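Chains as they are written, first to last, in my numbering: chain A, 1 to 228; chain B, 1 to 407.
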Amino acid sequence: MDTVIKTTNLCRYFGAEDVEVKALDNINLAIQKGEFSAIIGPSGSGKTTLLHLIGGLDNPTSGEVELSGINIAQMSGTTLSNFRRDHIGFIFQSYNLIPVLSAEENIEYIMLLQGVSQEERKSRVQDILETVGLAGLGDRRPAHLSGGQQQRVAVARAMVSEPDIILADEPTANLDSTTGIGLLEMMRELNEQRRMTFVFSTHDQKIMDRANRLIDLRDGKIDNDSRA
Amino acid sequence: MLLTFRLAYRNLFRNTRRTVLTCLLISCSLAALMLVDGLIIGMLKVMVDTTTKTFAGEAQVHRQGFLDSFDSDLYMSDTKSIEAVLAADKRVAGYSVRTVTGGMISSANNMTGGLIYGVSADREAGVSRLKEAIIKGKYFTGNETEILIGEDMADLLEVKLGDRLVATLAEVDGGDLSQALFRLSGIFRFGMREIDKGLVFIPLDKSREILGMQDGGHEVAIQFFDATDAANPDLPLFQKLSDGDIEAVGWPDFFPQIQAMVEMVDYATLIVGIVLFLLASFGVINSMFMSIYERIYEFGVVKAIGTQPKQLVQLILMEALVLGLFSVILGLLLGGLSSYYFSIHGMAIGEFEFEGINLADRIKTELTFAQFINFPIYVLLLTIAASIYPARFAARIIPSVALQRSL
Chain A
1 MDTVIKTTNL CRYFGAEDVE VKALDNINLA IQKGEFSAII GPSGSGKTTL
51 LHLIGGLDNP TSGEVELSGI NIAQMSGTTL SNFRRDHIGF IFQSYNLIPV
101 LSAEENIEYI MLLQGVSQEE RKSRVQDILE TVGLAGLGDR RPAHLSGGQQ
151 QRVAVARAMV SEPDIILADE PTANLDSTTG IGLLEMMREL NEQRRMTFVF
201 STHDQKIMDR ANRLIDLRDG KIDNDSRA
Chain B
1 MLLTFRLAYR NLFRNTRRTV LTCLLISCSL AALMLVDGLI IGMLKVMVDT
51 TTKTFAGEAQ VHRQGFLDSF DSDLYMSDTK SIEAVLAADK RVAGYSVRTV
101 TGGMISSANN MTGGLIYGVS ADREAGVSRL KEAIIKGKYF TGNETEILIG
151 EDMADLLEVK LGDRLVATLA EVDGGDLSQA LFRLSGIFRF GMREIDKGLV
201 FIPLDKSREI LGMQDGGHEV AIQFFDATDA ANPDLPLFQK LSDGDIEAVG
251 WPDFFPQIQA MVEMVDYATL IVGIVLFLLA SFGVINSMFM SIYERIYEFG
301 VVKAIGTQPK QLVQLILMEA LVLGLFSVIL GLLLGGLSSY YFSIHGMAIG
351 EFEFEGINLA DRIKTELTFA QFINFPIYVL LLTIAASIYP ARFAARIIPS
401 VALQRSL
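See the structure below:
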């Protein structure tokens with residue numbers, strides 16, 4: 001299997017020397033293409049920090065992060081922005097759509113950054129809206145969509161650029177149980193159909209039940225790494 | 001670019017009240033600047049018009065050094081060639097050859113010193129307000145014994161119309177004293193004490209005869225159709241007239257105090273402009289920062305999904321541009337309408353005296369090209385410039401830090 005995410009001796013410390021907090025300490029991890037993995041653990045265990053380092057949103061104190069064989073740990077500025085744009089899709093806990101853009105425009109935004117032609121953009125937006133079950137709701141702004149619908153738009157935005165990896169930080173935390181299950185089922189289907197790699201950071205048992213790999217973090221270290 | 005514009009436009013109206021207030025701040029600053037500039041230009045115009053059109057003229061031709069000494073020997077022996085040049089120039093509205101010399105004026109009761117001007121009746125009426133200033137008697141009618149004096153001098157000499165006056169003055173070149181008898185034909189009042197008490201007007205031909213200078217003259221006063229020509233030292237006419245020790249100069253040279261005033265008000269406008277622009281730019285910076293702080297998490301998200309720092313800068317600058325455009329349109333409306341109103345009805349400024357001249361108590365604003373083109377461009381550029389700092393701040397937002405804010 002292809003390794004899409006690989007971390008080597010990954011460390012992230014916060015604060016000065018005397019009050020240094022080891023958010024992540026020597027993490028060695030390899031995630032294969034098509035995995036539906038969940039990083040779990042109690043609050044403060046380093047889940048979000050690990051997700052941010054894998055996503056290139058933060059720089060490690062030491063160690064390496066390789067995505068599809070490319071070390072992103074030392075990337076910065078525009079290079080890193082472009083890498084995230086082309087290779088990583090993000091889904092956040094509070095949906096985080098751009099409130100002044102419609103659902104369609106929110107999904108289209110990342111393709112604009114990529115320089116995709118207008119025709120191609122429109123076609124892909126309609127396809128993905130259908131895939132996430134939001135056909136006909138594309139012209140609505142986030143304020144006129146339910147929480148579940150907004151998170152579906154966020155999933156569509158993350159997937160439309162066809163990234164190698166989708167990183168989801170507590171994606172079901174703000175959703176009711178039924179909506180959360182529906183969203184997870186949809187992501188699981190996409191994972192199976194398109195072999196897209198999903199990495200979740202979560203406390204949610206529903207995600208843990210559906211993940212094929214659980215990486216349990218405790219105090220910044222991998223306590224347990226199990227596959228279903 | 002279209003999406004950036006759409007985003008910028010919609011972002012601006014997320015908080016309509018704040019945007020409208022910032023817009024009002026910028027547009028009122030622009031309107032105030034247009035109005036102040038129009039008022040200052042209007043005031044200067046009144047000041048220059050009043051001083052140059054009263055008597056001195058907008059430009060003068062004389063021998064070099066004459067203005068410093070008023071030495072009657074510094075006369076131009078051939079004024080006909082100068083008149084020919086002036087008559088042929090389409091920018092010249094009028095000109096008048098004058099002789100100028102110091103002398104004594106005596107009446108049966110008293111005597112006083114003054115500057116005696118020899119003027120051509122017709123030509124002088126085209127360049128100064130002498131004819132309009134006559135309050136008793138008549139302007140020159142062609143009789144060579146006519147003499148016009150000011151109201152204050154008439155009081156001093158205790159004379160009335162028709163009384164005899166003797167002018168004693170020195171002939172040019174030889175310097176012999178010469179006397180001539182006149183009959184008071186008119187009394188004038190310019191409202192300027194120096195003129196009303198110290199100037200005397202006699203016919204040009206008579207003065208030439210007394211002074212012994214034939215076709216000569218000490219100065220040629222000029223009025224232009226466009227007053228700004230006179231303030232241009234590079235005017236081709238001035239080059240044409242200046243020959244040897246003859247010089248042609250505009251009012252800034254013989255009224256340096258007005259020129260100093262013009263420069264001073266230019267600085268005043270600049271300072272007012274800077275203060276207004278600074279206030280407006282602080283408003284823009286404040287508004288932009290408030291808007292950015294409200295959206296830090298959102299900026300973290302858009303940076304996370306791949307927006308480059310320079311694209312965020314573009315977005316913020318586009319927001320500033322849209323804000324600036326709205327403000328400029330509103331400012332132009334406010335400034336244009338108020339300036340136009342005051343250009344018709346004038347603005348009451350109370351009594352205002354300059355160089356002993358009472359200026360109009362209502363100043364009319366002057367509308368200029370710069371107010372409607374340059375000022376709005378400056379405001380637009382300033383709004384964008386004021387947004388560079390907030391834009392750079394937004395571009396430097398670290399996604400992981402921004403995303404932690406609401407977690």
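Where a beta carbon is used, it is the ideal one built from N, C-alpha and C, also for glycine. Bear in mind the structure is a predicted one, so any value in this text is a computation, not a measurement.
Three or more C-beta pairs below 8 angstroms linking the region 2-10 of chain B and the region 100-115 of chain A: yes
Roughly how many angstroms separate the alpha carbons of A:Arg152 and A:Asp18, rounded to a whole number? As a first step, residue 152 of chain A is located in the first sequence; it is residue number 152 there, counting from the start. As a first step, residue 18 of chain A is located in the first sequence; it is residue number 18 there, counting from the start. Rounded to the nearest angstrom, the two C-alpha atoms are 44 angstroms apart.
Report the rounded CA-to-CA distance for A:Met196 versus B:Ala402, giving the unit in angstroms. One-based indexing of the first sequence puts residue 196 of chain A at position 196. One-based indexing of the second sequence puts residue 402 of chain B at position 402. When rounded, the distance between both Cα atoms is 27 angstroms.
Pick from B:Met34, B:Thr16, B:Arg10 that is closest to B:Gly331, judged by C-alpha positions: Within the second sequence, the letter at position 331 stands for residue 331 of chain B. Of the listed residues, the one whose Cα sits closest to B:Gly331 is B:Met34.
Contacting positions in the region 202-220 of chain A - beta carbon closer than 9 angstroms to chain B: none
CB contact check: A:Asp25 to chain B, cutoff 8 angstroms: Position 25 of the first sequence, counting from 1, holds the residue named residue 25 of chain A. Output row for A:Asp25: interface = no.
DSSP state of B:Lys136, grouped into three classes? Locating residue 136 of chain B in the second sequence gives position 136, where the first residue counts as 1. Correct three-state label for B:Lys136: strand.
For chain B, is any of its Cβ atoms less than 8 angstroms away from the one on A:His144? Translated into the one-based positions of the first sequence, residue 144 of chain A becomes position 144. Judged by the 8 angstroms Cβ criterion, A:His144 is not in contact with chain B.
Contact defined as beta carbons within less than 8 angstroms: I believe B:Met104 pairs with B:Thr168. What is the distance between those atoms, to the nearest angstrom? Numbered from 1 along the second sequence, position 104 holds the residue referred to as residue 104 of chain B. Numbered from 1 along the second sequence, position 168 holds the residue referred to as residue 168 of chain B. The Cβ separation is near 4 angstroms, so the contact holds.
I'd like to know if B:Ala391 contacts chain A, where contact means its C-beta is closer than 8 angstroms to some C-beta of that chain. Within the second sequence, numbered from 1, the residue matching residue 391 of chain B stands at position 391. It does not: the Cβ of B:Ala391 has no partner Cβ on chain A nearer than 8 angstroms.
Using the beta-carbon of each residue, which ones in chain A are nearer than 7 angstroms to B:Asn11? Looking up residue 11 of chain B in the second sequence gives position 11. In chain order: Val100.
Pop quiz: A:His52 and A:Asp164 are said to be a contact at Cβ under 8 angstroms. What is the actual Cβ separation, rounded to whole angstroms? For the purposes of this step, residue 52 of chain A is taken as residue 52 along the first sequence, with counting starting at 1. For the purposes of this step, residue 164 of chain A is taken as residue 164 along the first sequence, with counting starting at 1. So it is not a contact: roughly 17 angstroms between Cβ atoms.
On a Cα-Cα basis, can you pick out the residue from B:Gly186, B:Arg164, B:Met261, B:Asp245 that is closest to B:Leu44? Along the second sequence, one-based indexing puts residue 44 of chain B at 44. Cα-wise, what sits closest to B:Leu44 is B:Met261.
Assuming contact is defined by CB atoms lying nearer than 8 angstroms, are B:Glu158 and B:Asn232 in contact in what I supplied? As a working mapping, residue 158 of chain B is identified with position 158 in the second sequence. As a working mapping, residue 232 of chain B is identified with position 232 in the second sequence. The answer is no: Cβ separation not under 8 angstroms.
With DSSP collapsed to three states, give me the class of A:Ile174. As a position in the first sequence, residue 174 of chain A is number 174, starting the count at 1. With the sequence shown as reference, residue 174 of chain A is identified as Asn, and Ile is not the correct amino acid for it. Of the three classes helix, strand and coil, the one that applies to A:Asn174 here is coil, per DSSP.
Which complete beta strand (DSSP E) runs does the region 78-103 of chain A hold, if anything under 3 residues is left out? 88-91
Along the chain, where does the beta strand (DSSP E) containing A:Lys22 start, and where does it finish? By 1-based counting over the first sequence, the position of residue 22 of chain A is 22. That run of the beta strand (DSSP E) goes 21-32.
Start-to-end residues for the beta strand (DSSP E) that takes in A:Ile39: As a position in the first sequence, residue 39 of chain A is number 39, starting the count at 1. First-last of the beta strand (DSSP E) with A:Ile39: 36-40.
Contacts of A:Ile91 in chain B (Cβ-Cβ under 8 angstroms): What you label residue 91 of chain A is simply residue 91 of the first sequence in a count that begins at 1. Result: empty, since nearest Cβ-Cβ is about 10 angstroms, beyond 8 angstroms.
Expressed to the nearest angstrom, what Euclidean distance is found between the alpha-carbon atoms of A:Met208 and B:Ile377? Within the first sequence, numbered from 1, the residue matching residue 208 of chain A stands at position 208. Within the second sequence, numbered from 1, the residue matching residue 377 of chain B stands at position 377. If you take the alpha carbons of A:Met208 and B:Ile377, they lie about 59 angstroms apart.
How about A:Tyr109: is its C-beta nearer than 8 angstroms to some C-beta of chain B? What you label residue 109 of chain A is simply residue 109 of the first sequence in a count that begins at 1. Interface residue, yes.
Taking a contact to mean a Cβ-Cβ separation below 8 angstroms, would you say B:Val97 touches B:Leu204 in this structure? Position 97 of the second sequence holds residue 97 of chain B. Position 204 of the second sequence holds residue 204 of chain B. Yes, Cβ-Cβ distance for B:Val97 and B:Leu204 is below 8 angstroms.
Alpha-carbon spacing of A:Asp219 relative to A:Asn28, whole angstroms: Along the first sequence, one-based indexing puts residue 219 of chain A at 219. Along the first sequence, one-based indexing puts residue 28 of chain A at 28. Taking the straight line from one Cα to the other gives about 15 angstroms.
Would you mind stating whether B:Leu237 and B:Tyr117 have Cβ atoms separated by less than 8 angstroms? As a first step, residue 237 of chain B must be located in the second sequence, where it is residue number 237. As a first step, residue 117 of chain B must be located in the second sequence, where it is residue number 117. No; because the gap between Cβ atoms is not below 8 angstroms, this pair is not in contact.
In whole angstroms, what is the alpha-carbon distance linking B:Thr101 and B:Asp215? Counting from one through the second sequence, the residue named residue 101 of chain B turns up at place 101. Counting from one through the second sequence, the residue named residue 215 of chain B turns up at place 215. Between B:Thr101 and B:Asp215, the C-alpha separation is close to 16 angstroms.
Could you tell me which residues DSSP puts in a beta bridge with B:Pro252? As a position in the second sequence, residue 252 of chain B is number 252, starting the count at 1. In the DSSP output, where bridge partners are listed per residue, B:Pro252 has none listed.
Please return the same chain residues whose Cβ sits closer than 6 angstroms to the Cβ of B:Ala180, not counting the five positions on each side in sequence. Within the second sequence, numbered from 1, the residue matching residue 180 of chain B stands at position 180. Cβ neighbours of B:Ala180 beyond the five flanking positions: Ala167, Ile210.
Could you check the C-alpha separation between A:Phe83 and A:Gly15 for me, to the nearest Å? Locating residue 83 of chain A in the first sequence gives position 83, where the first residue counts as 1. Locating residue 15 of chain A in the first sequence gives position 15, where the first residue counts as 1. Straight-line Cα distance between these residues: approximately 28 angstroms.
Start-to-end residues for the beta strand (DSSP E) that takes in B:Met104: For this step, residue 104 of chain B is matched to residue 104 along the second sequence. It spans 92-106 - the beta strand (DSSP E) in which B:Met104 sits, taken as one unbroken run.
According to DSSP, what are the bridge partners of B:Gln60? Locating residue 60 of chain B in the second sequence gives position 60, counting from the first residue. In the DSSP output, where bridge partners are listed per residue, B:Gln60 has B:Ala221, B:Val249.
Could you tell me if B:Ala268 is buried or exposed, where buried requires 16 or more neighbouring beta carbons within 10 angstroms of its beta carbon? Position 268 of the second sequence, counted from the start, is the residue given in the question as residue 268 of chain B. That one is exposed.
At least one CB of chain A closer than 8 angstroms to the CB of B:Ile305: is that the case? Taking the first residue of the second sequence as 1, we reach residue 305 of chain B at position 305. Yes, contact with chain A.
When the cut-off is 8 angstroms and only beta carbons count, does B:Val302 lie next to chain A? Counting from one through the second sequence, the residue named residue 302 of chain B turns up at place 302. With 8 angstroms as the cut-off, B:Val302 counts as an interface residue toward chain A.
Which residues of the region 123-152 of chain A have a Cβ closer than 7 angstroms to any Cβ of chain B? Give them in chain order. none
Taking DSSP as the reference, what is the three-state secondary structure of A:Asp2? Stepping through the first sequence from its first residue, residue 2 of chain A is reached at position 2. Coil, per DSSP.
Opposing strand residues paired with A:Phe14 [DSSP bridges]: Position 14 of the first sequence, counting from 1, holds the residue named residue 14 of chain A. In the DSSP output, where bridge partners are listed per residue, A:Phe14 has A:Val21.
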